[in-house]
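Visitor: Here it is, the structure in full.
4 protein chains.
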Amino acid sequence: MNKEKLKVAIVGASGFTGSELARLLSDHPKVEIKMITSESHQGKPFSELHPQFFDRLDIPLVSAEEVSKEELDVIFLALPHGVSMDFVAKWKDSGAKIIDLSGDFRLSTKEVYEEWYNKKHSYPEGFATAVYGLPELFSEKIKPATLVANPGCYPTASILSLAPLFAKQLIKENSVIIDAKSGLTGAGIKASATTHFSNVNENFKAYGIAGHRHTIEIEEQLGGLAGGQTAVQFTPHLLPVDRGILVTAYAQVSGEMDQERLTEIYRDFYKDKPFVRLRNQAPGIKDVRGSHYCDVFPVWDKRTNRVIAISAIDNLLKGAASQAVHNMNLMFGLEDAEGLAQIPLKP
Amino acid sequence: MNKEKLKVAIVGASGFTGSELARLLSDHPKVEIKMITSESHQGKPFSELHPQFFDRLDIPLVSAEEVSKEELDVIFLALPHGVSMDFVAKWKDSGAKIIDLSGDFRLSTKEVYEEWYNKKHSYPEGFATAVYGLPELFSEKIKPATLVANPGCYPTASILSLAPLFAKQLIKENSVIIDAKSGLTGAGIKASATTHFSNVNENFKAYGIAGHRHTIEIEEQLGGLAGGQTAVQFTPHLLPVDRGILVTAYAQVSGEMDQERLTEIYRDFYKDKPFVRLRNQAPGIKDVRGSHYCDVFPVWDKRTNRVIAISAIDNLLKGAASQAVHNMNLMFGLEDAEGLAQIPLKP
Amino acid sequence: MNKEKLKVAIVGASGFTGSELARLLSDHPKVEIKMITSESHQGKPFSELHPQFFDRLDIPLVSAEEVSKEELDVIFLALPHGVSMDFVAKWKDSGAKIIDLSGDFRLSTKEVYEEWYNKKHSYPEGFATAVYGLPELFSEKIKPATLVANPGCYPTASILSLAPLFAKQLIKENSVIIDAKSGLTGAGIKASATTHFSNVNENFKAYGIAGHRHTIEIEEQLGGLAGGQTAVQFTPHLLPVDRGILVTAYAQVSGEMDQERLTEIYRDFYKDKPFVRLRNQAPGIKDVRGSHYCDVFPVWDKRTNRVIAISAIDNLLKGAASQAVHNMNLMFGLEDAEGLAQIPLKP
Amino acid sequence: MNKEKLKVAIVGASGFTGSELARLLSDHPKVEIKMITSESHQGKPFSELHPQFFDRLDIPLVSAEEVSKEELDVIFLALPHGVSMDFVAKWKDSGAKIIDLSGDFRLSTKEVYEEWYNKKHSYPEGFATAVYGLPELFSEKIKPATLVANPGCYPTASILSLAPLFAKQLIKENSVIIDAKSGLTGAGIKASATTHFSNVNENFKAYGIAGHRHTIEIEEQLGGLAGGQTAVQFTPHLLPVDRGILVTAYAQVSGEMDQERLTEIYRDFYKDKPFVRLRNQAPGIKDVRGSHYCDVFPVWDKRTNRVIAISAIDNLLKGAASQAVHNMNLMFGLEDAEGLAQIPLKP
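Residue numbers (this note's numbering), protein chains in the order written: chain A, 1 to 347; chain B, 348 to 694; chain C, 695 to 1041; chain D, 1042 to 1388.
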């Protein structure tokens, strides 16, 4: 890696993911943001959409067509599912590496995608090259990748809560229940009844019961870790907070277990993963807010012979934008923590 | 029941439960509040502790010793666990019926109590006379009772989420996981790090993992419904809202099941229970806030062969104060809904 | 007043005001809701729009055209500004009394309306018959009225904070500053960037600086009390809460003043007004939430020779729906507090 | 300035200010945290008090007595009012520069302090050497200072809202009203009824009406800017959010004014102040959260002949910790923005 900065484009400026990418990349010492695109807001300063950037990032938004005209090192796609795939197809040979934050290349095959996303896939060839961008599991595959599928927010927290046990093939089949709770930013920036303050504030509810599409992403990754298939029960809920995912995962294990052994398994698995913090008490989502950390806390309940594993992340960061930056760091030989060392903001 | 109003005392004025009892009983057409007691605030107007009552309930607080001097129909004990038992012993022959909102008489025996509450019980004789005051299950026993143990907030929501299946003995042993989330008022009015705004707001965390004392209360009641014992995995979490409990319960069932049959089982079980609303979509806690309702929504997941049952209550009402009033109504031959017909306050 | 119930229609079901009217009128002992209208949701049960009413108010929504076909005592118009006026014109001779919750008839003349609302008025004749429905000031005019213009939420809190001083002509010209803060429901049920959770939660901002249309409503009423014109500086802000308005009003007074005299002036003015509570400490908006109360607290600052008067209301109730019900009670010879005696819901 | 890092101590670890100082200084490229003190938590890791620092700042807390034993460049006092003064006296000749975040040296004299803080001052000599640490006004005095009194949170936002007009002597006497609103962290980390979640959440109220001690701090600074004395009406309110202060300031001006001239005056005054952002729309507190910015927005209301000036800061940062770091940067010849370049965290 020479001294020159990486030239990056952020495609899709209007959402929370785009704005968090812009925030992290603005402060990243090895990056230069060459452009941010938005079709509907072309010409407006980026800070007009996101006033917190006033006087910091006032560059005018441009059309995605400008991407082809510039020599870039990385393209971040902060686009909705179903839109991203076309841009991946378009820019796959542009010389830039692509980090796609949508769900378009997270699953194993076109067939699985089309079943769970209920939508035709326009670039199925991408599945062969796409690498699932969860550095705690796949850093060696991510490094040489040209297309990284940045994991979903729920899957990131869910997979990291149980990965050490799956990797050791200790989980009993069909025993996994993942009860997940997310802050409202997970629902996106679009104004709707779902995101109306009065429907969220002082409220709490489940949604996507028995059918949320993150289920299959979790199943494929956890199953893969154990060398097979697995089924998980996944139920997301909407928290009246801006940021944060807390996962409470339940599982039965095969063989003998106690708290000491359980902690040891987690410590081993995460010993070289600087962003997973093995906690000795239940983490709250505010303990990781504004940071790239995933806090994990596994408990053994001898009364019920079950593991309860808690994990907490900032859904916009470890669950999206900072994970994408971590992937970029790996893909370009930078330090893991470059630009990602923020201490959580609390309170 | 003649035209005269029931004379009631509320023992314990300072907490949320005492204040909600006062609010409901003030507006109850068949009740006269004769006194509200507080040892530490004697002489102060009730509204000084709870300013929302200014100009509405300004009566001076008195010592609990005044209770013995008055002829009362009902005594509500809104006291901490471990304190209530002594007053029950003291007033058991006073002629007044006692509704105890603490946990002191909710369990089956002194032994179970002492194991889970880690505290000596001073009036074990009470267990024989105490009736568990969950009207949806025990209205016939509640009517003649002289001592009612008002259920815990989490147990109320948890039991009602799965009672129809336990009553039909359809639940597979050791398959039940209850992931519960409560508003902060469940933690009480005492100022502490736990209740400090900055630790709650924008935060969310689990607590009491694998050992919360409401576990045994749920197990005894659900087990009893099925005519035996049962073990449940119960994990409470703290929501950054004032009021509300949402329970997400998971269970495997024996025998054939589908959504239609599941709904039918719930509809049958709750058909004469005016305060359980069988919903056709996932309820939020705000749908029941300020009311006596318990909203229930059972889902069959054929992919995993599991029931996911959601229930929502206002923890201070159906989980405490209005349930106590409901019990009073039953004990004195009043209509179930007398004084309890509030439509939820939303938003 | 005979035993028969008042037959009422609520025109406009989808907003918060309509839903609060439905809640209050459902429980009002002298009222029968004959219909609730919605053009866009005709045929749907009311509870489908507002799930808290599930099992309580499931009547199908009808077109506003049904209003003419029924003999009604009262029509509540819960419609946007600019829409209401046409329905007032249409139903003015229907025999029903009209309570309009929009801003269409709150001001003195067509000219003033058109200047501040920037919109042509289609029924200017209405200004002559409309009575400004603030019972604390105009109960005698409201009783015989056939058209009542229900006050705005900010004006209700603002006027009541300073009315005693204006009525005594003690306010110095151009000295009044009203710094007002409202919960988000004041912005309505429509999904937009303004009402998106992530723009409201943990945020706070001013809006409508130096030009909000409630300014003129406040000026006309306070000026009228003093027998002349007045100018007030009015600045609204958006609070990250559902309900409540807090007004902090500042004014200089003519003549001698001290705290005792100030309190006395307020006590005199509000002595027969059951819903204004003169507090002896600063009220919070939660002290009145869910109730019809307006809490008022005037302070004399001798250091600066200024009055600081605080008032708190529930914007959806005293600021809208319960004020409308209060007006109905007056118009039909009912008790002021009929159906309006709710104790505030706190916490 | 050579390459060596500044050696700093943070005295007072338990509060929000101490924890934010630790966060900023941990990431500051020119600083080494030598110790953090706490009398009541000696020996515990800092991260035990503030779990967000887990794995990042786990150094054991030491007694304040350790401060004297180490050669330090800067001592930050994050202590309560009335406690700080003794440590200033003790360490004034230690060779370290002192930045005091309490109110003990913010005012002009012992007499003024004792009147407004209602407390005897033990080190009145300090007033002569202390410099008021508001860099936008006093950077030249701060640079050589050995004792800096870091401004209060409310005064920072209040002074910056009106400083340009006071500096030009354009403000009419006794016309200034500052209506200020602060997030709950301003009330500190101590558990009390005031900080209990249920008293803050969904609530809003004024406090300290007509007597808050920040009044005199604002008056001294604004008066000083205009070369004389001034009186301001200052009313603080408590917002149900963690962080942020929004000030809405009202004033009458002498001479001709219009929006263009007003904007120009502000632009001139703040043209070389990198952390004051002159906004063209009303800022919300979330636009500056997590950052060192003060956003300012002045409006001219020609109808009332009044200026309304809005300012927004993060009370824990520009209102406390980052302002202290800025002062340190100035005192040691570092760049203004060293360690302070965080883009606001939104949402």
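From the three backbone atoms N, C-alpha and C, an ideal C-beta is built for every residue, glycine too.
1) If I measure Cβ to Cβ from residue 867 of chain C and keep anything under 8 Å in the same chain, skipping five residues before and after, which residues do I get?
2) Would you check if there are 3 or more beta carbon pairs closer than 8 Å linking the stretch 1345-1364 of chain D to the stretch 1122-1135 of chain D?
3) Going by DSSP in three states, residue 693 of chain B sits in which element: helix, strand or coil?
4) For residue 612 of chain B, I'd like the list of residues in its chain whose CB is within less than 7 Å of its CB, leaving aside the five on either flank, ordered along the chain.
5) Examine chain D for any beta-carbon lying closer than 9 Å to the beta-carbon of residue 914 of chain C, and answer yes or no.
6) Skipping 5 residues on each side, what residues in its chain have a beta carbon closer than 8 Å to that of residue 258 of chain A?
7) Does the stretch 1327-1336 of chain D come close enough to the stretch 1359-1374 of chain D to have 3 or more Cβ pairs within less than 8 Å?
8) Should residue 1268 of chain D go down as buried or exposed, given a rule of 16 or more other Cβ atoms within 10 Å for buried?
9) Go ahead and label residue 433 of chain B buried or exposed: buried means 16 or more other beta carbons lie within 10 angstroms of its beta carbon, across all protein chains shown.
10) Are the CB atoms of residue 748 of chain C and residue 614 of chain B nearer to each other than 9 Å?
11) Is the CB of residue 287 of chain A under 9 Å away from at least one CB in chain C?
12) I'd like the span of the alpha helix (DSSP H) that includes residue 611 of chain B, first residue to last.
13) Which chain B residues sit within Cβ distance under 8 Å of residue 984 of chain C?
14) Distance, Cα to Cα, residue 688 of chain B vs residue 256 of chain A?
15) Starting from residue 323 of chain A, find everything on chain D with Cβ-Cβ shorter than 7 Å and list it in chain order.
16) What are the start and end residues of each continuous beta strand (DSSP E) run of 3 or more residues lying completely inside the stretch 487-571 of chain B, in chain order?
17) Considering only their Cβ atoms, is the gap separating residue 8 of chain A from residue 25 of chain A smaller than 9 Å?
18) Within the continuous alpha helix (DSSP H) that includes residue 251 of chain A, where are the two ends?
19) Quick check on DSSP: helix, strand or coil for residue 272 of chain A?
20) Inspect the CB distances between the stretch 1083-1098 of chain D and the stretch 1019-1031 of chain C and report whether three or more fall short of 8 Å.
21) Give me, in chain order, the residues of the same chain whose beta-carbon lies closer than 8 Å to that of residue 282 of chain A; leave out the 5 immediate sequence neighbours on both sides.
22) Can you look up residue 646 of chain B in the DSSP assignment and give me helix, strand or coil?
23) Beta strand (DSSP E) containing residue 374 of chain A: first to last residue?
24) Between residue 195 of chain A and residue 214 of chain A, what straight-line distance do the alpha-carbon atoms span, to the nearest angstrom?
25) Output, in chain order, the set of chain A residues within a Cβ distance shorter than 8 Å of residue 1382 of chain D.
26) For residue 1046 of chain D, which of helix, strand or coil comes out of DSSP?
27) If the cut is a Cβ gap below 9 Å, which residues of chain B does residue 186 of chain A touch?
28) Quick one, which residues of the stretch 1092-1119 of chain D are near chain A if we go by CB-CB under 7 Å, in chain order?
29) Determine the extent of the alpha helix (DSSP H) in which residue 717 of chain C is found, giving its start and end residues.
30) Measuring CB to CB, does residue 198 of chain A end up less than 9 Å from residue 936 of chain C?
31) To which residues of the same chain is residue 584 of chain B closer than 6 Å at the C-beta, ignoring the five residues directly before and after it?
32) What residues of chain A sit near residue 1302 of chain D, judged by a beta carbon separation below 9 Å?
33) Between B/619, B/642, B/653 and B/651, which lies nearest to residue 486 of chain B when the distance is taken from Cα to Cα?
34) Can you check which of these residues, C/830, C/1018 and C/837, is closest to residue 919 of chain C by C-alpha distance?
35) Under the DSSP definition of a beta bridge, which residues are partnered with residue 726 of chain C?
36) Please list the partners that residue 242 of chain A has in chain D, where partner means a Cβ-to-Cβ separation under 7 Å.
Guide: A quick look at the data gives this:
1) In the third sequence, counting from the first residue as 1, residue 867 of chain C sits at position 173. In the same chain as residue 867 of chain C, and ignoring 5 residues on each side of it, the C-beta atoms closer than 8 Å to its own belong to 924 and 925, in chain order.
2) The stretch 1345-1364 of chain D vs the stretch 1122-1135 of chain D: no contact.
3) Numbered from 1 along the second sequence, position 346 holds the residue referred to as residue 693 of chain B. Of the three classes helix, strand and coil, the one that applies to residue 693 of chain B here is coil, per DSSP.
4) Taking the first residue of the second sequence as 1, we reach residue 612 of chain B at position 265. Once the five neighbours on either side are set aside, the close Cβ partners of residue 612 of chain B are 511, 512 and 515.
5) Position 220 of the third sequence, counted from the start, is the residue given in the question as residue 914 of chain C. By this cut-off, residue 914 of chain C is not an interface position.
6) The residue you call residue 258 of chain A lines up with position 258 of the first sequence. Correct list, in chain order: 300 and 302.
7) Touching, per the Cβ criterion.
8) By 1-based counting over the fourth sequence, the position of residue 1268 of chain D is 227. When all chains shown are included, residue 1268 of chain D counts as exposed.
9) Here residue 433 of chain B refers to the residue found at position 86 when the second sequence is read from its first residue. Residue 433 of chain B should be labelled exposed.
10) Taking the third sequence and counting its residues from 1, the one referred to as residue 748 of chain C is at position 54. Taking the second sequence and counting its residues from 1, the one referred to as residue 614 of chain B is at position 267. No; because the gap between Cβ atoms is not below 9 Å, this pair is not in contact.
11) The count along the first sequence starts at 1 and reaches residue 287 of chain A at position 287. For residue 287 of chain A, the answer is no, since every Cβ of chain C falls outside 9 Å of its Cβ.
12) Walking along the second sequence from the start, residue 611 of chain B turns up at place 264. Unbroken alpha helix (DSSP H) run through residue 611 of chain B: 606-616.
13) The residue you call residue 984 of chain C lines up with position 290 of the third sequence. Within chain B, the residues placing a beta-carbon under 8 Å from that of residue 984 of chain C are 637 and 692, ordered along the chain.
14) Position 341 of the second sequence, counted from the first residue, corresponds to residue 688 of chain B. Position 256 of the first sequence, counted from the first residue, corresponds to residue 256 of chain A. When rounded, the distance between both Cα atoms is 53 Å.
15) Within the first sequence, residue 323 of chain A is the residue found at index 323, counting from 1. In chain D, no part has a C-beta under 7 Å from the C-beta of residue 323 of chain A; the shortest such distance is about 17 Å.
16) The DSSP assignment places complete beta strand (DSSP E) segments of no fewer than 3 residues inside the stretch 487-571 of chain B at 494-496 and 523-529, in order along the chain.
17) Here residue 25 of chain A refers to the residue found at position 25 of the first sequence. Here residue 8 of chain A refers to the residue found at position 8 of the first sequence. For residue 25 of chain A and residue 8 of chain A, yes; Cβs fall inside 9 Å.
18) Along the first sequence, one-based indexing puts residue 251 of chain A at 251. Unbroken run through residue 251 of chain A is the beta strand (DSSP E), 245-251; no alpha helix (DSSP H).
19) Within the first sequence, residue 272 of chain A is the residue found at index 272, counting from 1. Residue 272 of chain A falls in the coil class under three-state DSSP.
20) No: fewer than three Cβ pairs fall under 8 Å.
21) Counted from its first residue, the first sequence places residue 282 of chain A at position 282. Excluding the 5 residues flanking it on each side, residue 282 of chain A has same chain C-beta neighbours closer than 8 Å at 297 and 310, in chain order.
22) To locate residue 646 of chain B, count along the second sequence from 1; it is residue 299. The answer is strand: DSSP assigns residue 646 of chain B an E or B state.
23) Past the boundaries of the shown model lies residue 374 of chain A; chain A is included only from 1 to 347, so the question cannot be answered.
24) For the purposes of this step, residue 195 of chain A is taken as the residue at position 195 of the first sequence. For the purposes of this step, residue 214 of chain A is taken as the residue at position 214 of the first sequence. In this structure, the straight-line span from the alpha carbon of residue 195 of chain A to that of residue 214 of chain A is close to 20 Å.
25) Mapped onto the fourth sequence, residue 1382 of chain D falls at position 341. What residue 1382 of chain D touches in chain A: 27.
26) Within the fourth sequence, the letter at position 5 stands for residue 1046 of chain D. Coil at residue 1046 of chain D, not helix or strand.
27) Start at 1 with the first residue of the first sequence, and residue 186 of chain A comes out as number 186. Result: empty, since nearest Cβ-Cβ is about 13 Å, beyond 9 Å.
28) For the stretch 1092-1119 of chain D, the set of residues with a beta-carbon nearer than 7 Å to any beta-carbon of chain A comprises 1092, 1093, 1094, 1095, 1096 and 1097, in chain order.
29) Residue mapping note: residue 717 of chain C aligns to position 23 of the third sequence, counting from 1. Annotation: the continuous alpha helix (DSSP H) that includes residue 717 of chain C extends over 710-720.
30) Residue mapping note: residue 198 of chain A aligns to position 198 of the first sequence, counting from 1. Residue mapping note: residue 936 of chain C aligns to position 242 of the third sequence, counting from 1. Going by beta carbons, residue 198 of chain A and residue 936 of chain C fall inside the 9 Å limit.
31) In the second sequence, the residue the question calls residue 584 of chain B occupies position 237. Closer than 6 Å at Cβ, skipping near neighbours: 528 and 553.
32) On the fourth sequence, residue 1302 of chain D is found 261 positions in, with the first residue counted as 1. Residues of chain A passing the Cβ test: none, with the nearest at roughly 22 Å.
33) As a position in the second sequence, residue 486 of chain B is number 139, starting the count at 1. Cα-wise, what sits closest to residue 486 of chain B is B/619.
34) Working through the third sequence from its first residue, we reach residue 919 of chain C at position 225. Out of C/830, C/1018 and C/837, C/830 has the C-alpha closest to the C-alpha of residue 919 of chain C.
35) Here residue 726 of chain C is taken as the residue at index 32 of the third sequence, counted from 1. Answer by DSSP bridge pairing, in chain order: C/701.
36) Within the first sequence, numbered from 1, the residue matching residue 242 of chain A stands at position 242. Going along chain D in sequence order, the residues near residue 242 of chain A (Cβ under 7 Å) are 1388.
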